[in-house]
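Enquirer:
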Amino acid sequence: MDADLEHLLFIYALQNAVKHNSAPKSGAVIGTVLGKHPEFRSRVREIGPLAGKVVAKVAAMDGPERKSLLAEIAPELLDELTETREHSRELPALLGAENGVVMRFAPNPSGPLHLGHARASILNDYYVRRYGGRYVLRIEDTDPRRVDPEAYEMVLEDIEWMGLGITDIVYQSDRLDVYYDWCRKLIELGGAYVCVCEAERFRDLKLKKKACPCRDRPVEENLELWQRMLDGEFYEGDATVRVKTDLDHPDPAMRDYSAMRIVNTPIHPRVDATVFPLMNFSVAVDDHLLGITHVIRGKDHIANTGRQRYIFDYFGWKPPVYYHYGRMGISGVVLSTSSMREGIRSGVYTGWDDVHLGTLRAIAR
Ligand code: GLU
Numbered sequence: 050m051d052a053d054l055e056h057l058l059f060i061y062a063l064q065n066a067v068k069h070n071s072a073p074k075s076g077a078v079i080g081t082v083l084g085k086h087p088e089f090r091s092r093v094r095e096i097g098p099l100a101g102k103v104v105a106k107v108a109a110m111d112g113p114e115r116k117s118l119l120a121e122i123a124p125e126l127l128d129e130l131t132e133t134r135e136h137s138r139e140l141p142a143l144l145g146a147e148n149g150v151v152m153r154f155a156p157n158p159s160g161p162l163h164l165g166h167a168r169a170s171i172l173n174d175y176y177v178r179r180y181g182g183r184y185v186l187r188i189e190d191t192d193p194r195r196v197d198p199e200a201y202e203m204v205l206e207d208i209e210w211m212g213l214g215i216t217d218i219v220y221q222s223d224r225l226d227v228y229y230d231w232c233r234k235l236i237e238l239g240g241a242y243v244c245v246c247e248a249e250r251f252r253d254l255k256l257k258k259k260a261c262p263c264r265d266r267p268v269e270e271n272l273e274l275w276q277r278m279l280d281g282e283f284y285e286g287d288a289t290v291r292v293k294t295d296l297d298h299p300d301p302a303m304r305d306y307s308a309m310r311i312v313n314t315p316i317h318p319r320v321d322a323t324v325f326p327l328m329n330f331s332v333a334v335d336d337h338l339l340g341i342t343h344v345i346r347g348k349d350h351i352a353n354t355g356r357q358r359y360i361f362d363y364f365g366w367k368p369p370v371y372y373h374y375g376r377m378g379i380s381g382v383v384l385s386t387s388s389m390r391e392g393i394r395s396g397v398y399t400g401w402d403d404v405h406l407g408t409l410r411a412i413a414r
């Protein structure tokens with residue numbers, strides 16, 4: 050048996066015992082040794098019995114004896130226990146942020162805010178404070194099906210409770226004309242077209258990487274159809290504006306995605322309209338027009354970042370710097386607004402501040 054390995058196990062067993070002021074735990078000692086010396090991983094079977102022997106030896110000593118022996122044969126391991134570690138607590142720097150930033154928090158008013166929103170909004174808030182600049186609250190209410198009229202107020206209350214340093218508030222439903230305008234420009238550039246194919250047929254073609262018959266329609270005709278959409282001549286699902294992307298894109302969801310659609314029901318609580326931008330279009334247009342410099346959002350938006358880039362490219366706009374953080378789940382805590390709503394409706398939860406929910410109002414309560 051390897052004297053080095055036995056020695057390593059012995060000193061880490063001593064460290065473990067000193068740290069916890071008790072007999073060393075064999076599993077923890079083995080874990081530490083293999084973590085620090087991966088070269089022994091292939092011999093994991095031999096280590097068990099050897100660790101057992103070493104641990105028994107250390108267990109037979111008393112506290113002061115362990116400590117003085119560790120100080121003698123491996124003083125650095127004793128130091129590790131007493132060091133007050135000076136970790137850098139600072140989050141990583143943002144690229145190109147030296148002269149200040151413009152960032153945004155962009156919730157949908159579909160319910161009150163929950164821990165997922167807190168994560169996004171507090172990270173963005175931190176960087177605005179760190180670099181200075183503006184922090185835009187953008188209420189993303191362009192999907193009438195996902196707007197809860199009461200959520201407008203709840204979102205503001207939750208933001209105040211978190212103490213975010215919001216400097217500007219923008220409601221996307223106030224900006225429909227802006228999106229209509231940029232949609233027309235995109236059509237004029239040949240970057241978008243009105244598609245009147247049935248959804249099913251479009252999906253089949255898209256999966257085969259084939260263009261639908263609408264794709265090559267002349268710009269003039271597209272503009273006419275677009276005007277007819279705005280004039281209310283089409284019903285929900287009968288016409289949509291698609292961004293021309295790449296029909297060969299490996300991800301079918303990137304191919305000619307929808308930018309504008311018609312929604313006849315439900316009626317939007319804030320505006321009298323039936324044509325609404327889809328998220329990727331309104332987000333890209335707003336990120337540009339509001340001068341957003343940095344976007345921090347979840348990895349679930351990575352594909353959207355790809356979709357939004359097409360719009361930036363068509364218009365020759367410089368995109369913001371994007372960062373995506375990993376997914377978060379907290380076991381036993383509900384974070385989906387639609388499941389919360391359903392649970393409240395059916396009486397499983399008492400309300401938005403039910404303690405089983407991951408809402409900020411449940412935490413506040
Ligand atoms: N409104 C979007 C959402 O809540 C966020 C858009 C974005 O961060 O780009 O998912």
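Taking the numbering used here, I'd label the letters of the sequence shown as residues 50 to 414.
Note that beta-carbon positions come from the ideal geometry of N, C-alpha and C, so glycine has one too.
Since the structure is predicted, the reported quantities are computational estimates derived from the model, not experimental observations.
Under the criterion of a Cβ to heavy atom distance below 7 Å, does ARG346 qualify as lining the ligand GLU?
Expert: Residue mapping note: residue 346 aligns to position 297 of the sequence shown, counting from 1. Result yes, Cβ under 7 Å from the ligand GLU.
Enquirer: Nearer than 7 Å: is that true of the beta carbon of ASN157 relative to any heavy atom of the ligand GLU?
Expert: Here residue 157 refers to the residue found at position 108 of the sequence shown. At least one heavy atom of the ligand GLU is nearer than 7 Å to the Cβ of ASN157, so yes.
Enquirer: Kindly indicate the opening and closing residues of the alpha helix (DSSP H) around ASP174.
Expert: Locating residue 174 in the sequence shown gives position 125, where the first residue counts as 1. Start and end: 164–180.
Enquirer: Measuring from the CB of VAL332, is there a heavy atom of the ligand GLU at a distance below 7 Å?
Expert: For the purposes of this step, residue 332 is taken as the residue at position 283 of the sequence shown. True, at least one ligand heavy atom lies under 7 Å from that Cβ.
Enquirer: According to DSSP, is ALA260 part of a helix, a strand, or is it coil?
Expert: Counting from 1 along the sequence shown, the entry for residue 260 is found at position 211. DSSP places ALA260 in coil when its eight states are reduced to three.
Enquirer: State the Cα-Cα distance for the pair ASN157 and LEU130, rounded to the nearest angstrom.
Expert: Translated into positions along the sequence shown, residue 157 becomes position 108. Translated into positions along the sequence shown, residue 130 becomes position 81. Using only the alpha carbons, I get a separation of about 48 Å.
Enquirer: Shorter than 7 Å, the distance from the beta carbon of MET328 to the closest heavy atom of the ligand GLU, or not?
Expert: By one-based count along the sequence shown, residue 328 stands at place 279. Yes.
Enquirer: Jot down the residue ranges of each uninterrupted alpha helix (DSSP H) in the stretch 212–270, minimum 4 residues, whole runs only, in chain order.
Expert: Here the runs fully enclosed are 225–237 and 248–256.
Enquirer: With DSSP as the reference, identify every bridge partner of HIS373, one or two as the case may be.
Expert: By one-based count along the sequence shown, residue 373 stands at place 324. ARG346.
Enquirer: Does the ligand GLU have a heavy atom nearer than 7 Å to the CB of HIS350?
Expert: Taking the first residue of the sequence shown as position 1, residue 350 is located at position 301. True, at least one ligand heavy atom lies under 7 Å from that Cβ.
Enquirer: Looking only at its chain, what residues have a beta carbon closer than 8 Å to the beta carbon of GLY281, apart from the 5 residues adjacent to it on each side?
Expert: In the sequence shown, residue 281 corresponds to position 232, counting from 1. Excluding sequence neighbours, GLY281 sits near THR323.
Enquirer: Could you spell out the range, first to last residue, of the beta strand (DSSP E) harbouring SER307?
Expert: Position 258 of the sequence shown, counting from 1, holds the residue named residue 307. 307–311 is the span of the beta strand (DSSP E), which, as asked, contains SER307.
Enquirer: Between the Cα of ARG358 and the Cα atoms of LYS258, ASN329, GLU125 and ARG277, which residue gives the shortest distance?
Expert: Looking up residue 358 in the sequence shown gives position 309. The residue with the shortest Cα to Cα distance from ARG358 is ASN329.
Enquirer: Rounded to the nearest angstrom, what separates ALA77 and ALA105 at their Cα positions?
Expert: The count along the sequence shown starts at 1 and reaches residue 77 at position 28. The count along the sequence shown starts at 1 and reaches residue 105 at position 56. If I take the Cα positions, the gap works out to 14 Å.
Enquirer: Would the stretch 97–111 and the stretch 58–73 be scored as touching if the rule is three or more Cβ pairs under 8 Å?
Expert: Yes: at least three Cβ pairs fall under 8 Å.
Enquirer: State buried or exposed for HIS69, treating a residue as buried only when at least 16 other CB atoms are found within 10 Å of its CB.
Expert: Reading the sequence shown from its first residue, position 20 is the one you call residue 69. HIS69 is exposed by the Cβ-count criterion.
Enquirer: For the stretch 164–172 and the stretch 373–380, state whether three or more C-beta atom pairs, one from each stretch, are separated by less than 8 Å.
Expert: Yes: at least three Cβ pairs fall under 8 Å.
Enquirer: Please say whether PRO198 and VAL312 have beta carbons closer to each other than 8 Å?
Expert: Start at 1 with the first residue of the sequence shown, and residue 312 comes out as number 263. Start at 1 with the first residue of the sequence shown, and residue 198 comes out as number 149. Not a contact, by the Cβ cut-off of 8 Å.
Enquirer: Residue range of the beta strand (DSSP E) that PRO124 falls in?
Expert: As a first step, residue 124 must be located in the sequence shown, where it is residue number 75. Where PRO124 is concerned, there is no enclosing beta strand (DSSP E), although the alpha helix (DSSP H) it sits in stretches over 124–131.
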